[in-house]
Amino acid sequence: VRGNNLTGTIPDSIGNCTSFEILDVSYNQLTGVIPYNIGFLQVATLSLQGNRLTGKIPEVIGLMQALAVLDLSDNELIGPIPPILGNLSFTGKLYLHGNKLTGPIPPELGNMSRLSYLQLNDNELVGTIPPEL
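The end of the sequence shown is residue 133 by the UniProt record's numbering, with every number in the run present.
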């Protein structure tokens with residue numbers, strides 16, 4: 001459902017969609033927070049890019065072990081990058097750019113052994129690039 005004009009919030013029931021391999025709701029007009037239940041998905045790609053999502057990145061996303069691509073870019077997400085995202089050992093691409101994320105880059109992201117692409121630009125991050133990366 002990428003690139004439509006969908007509005008409203010992502011429903012909590014999204015976590016019940018256990019047969020999805022890819023969830024791509026990019027480039028819509030979705031608002032509100034990313035629901036906790038999204039962490040129950042067993043998807044390889046989670047793309048929420050280019051909406052108007054707010055709030056913090058739910059830590060439960062760090063438990064989504066099947067995730068190869070995580071794209072939360074170009075929203076209005078706030079707060080720090082959750083260190084638990086470093087548990088995503090299968091994830092090769094992590095896009096968090098274009099939000100309002102704050103604080104340092106967590107050194108735990110260096111635990112992402114398959115990470116080949118990391119995009120964090122256009123946030124409000126501070127500090128240094130961790131040597132673990």
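Glycine residues also receive a C-beta, built at the ideal position from the N, C-alpha and C atoms.
Between the alpha carbons of residue i and residue j, how many angstroms are there, rounded?
i, j, result
"Asn-123", "Leu-101", "5 Å"
"Gly-15", "Leu-109", "25 Å"
"Asn-28", "Pro-130", "34 Å"
"Leu-77", "Gly-8", "16 Å"
"Glu-132", "Thr-45", "25 Å"
"Lys-93", "Val-60", "18 Å"
"Tyr-95", "Leu-125", "14 Å"
"Gly-62", "Asn-87", "6 Å"
"Gly-103", "Asn-121", "13 Å"
What does residue i pair with, by DSSP beta-bridge criteria?
i, result
"Thr-128", "In the DSSP output, where bridge partners are listed per residue, Thr-128 has none listed."
"Ser-47", "Asp-24 and Asp-71"
"Gln-119", "Tyr-95"
"Gln-29", "Thr-7"
"Leu-101", "Gly-79"
Quick one: measure Cβ to Cβ for residue i and residue j, integer angstroms, because I've assumed they're closer than 8 Å.
i, j, result
"Gly-50", "Asp-74", "5 Å"
So, are the CB atoms of residue i and residue j less than 9 Å apart?
i, j, result
"Ile-34", "Leu-53", "yes"
"Ile-81", "Ile-38", "no"
Taking residue i as the reference, give the member of the options with the closest Cα.
i, options, result
"Met-64", "Thr-91, Gly-79 and Leu-72", "Thr-91"
"residue 135", "Asn-99, Pro-104 and Ser-47", "Summary: the structure shown does not reach residue 135, with the chain confined to residues 1 through 133, and so no result is reported for it."
"Ser-19", "Arg-2, Gln-42 and Gln-119", "Gln-42"
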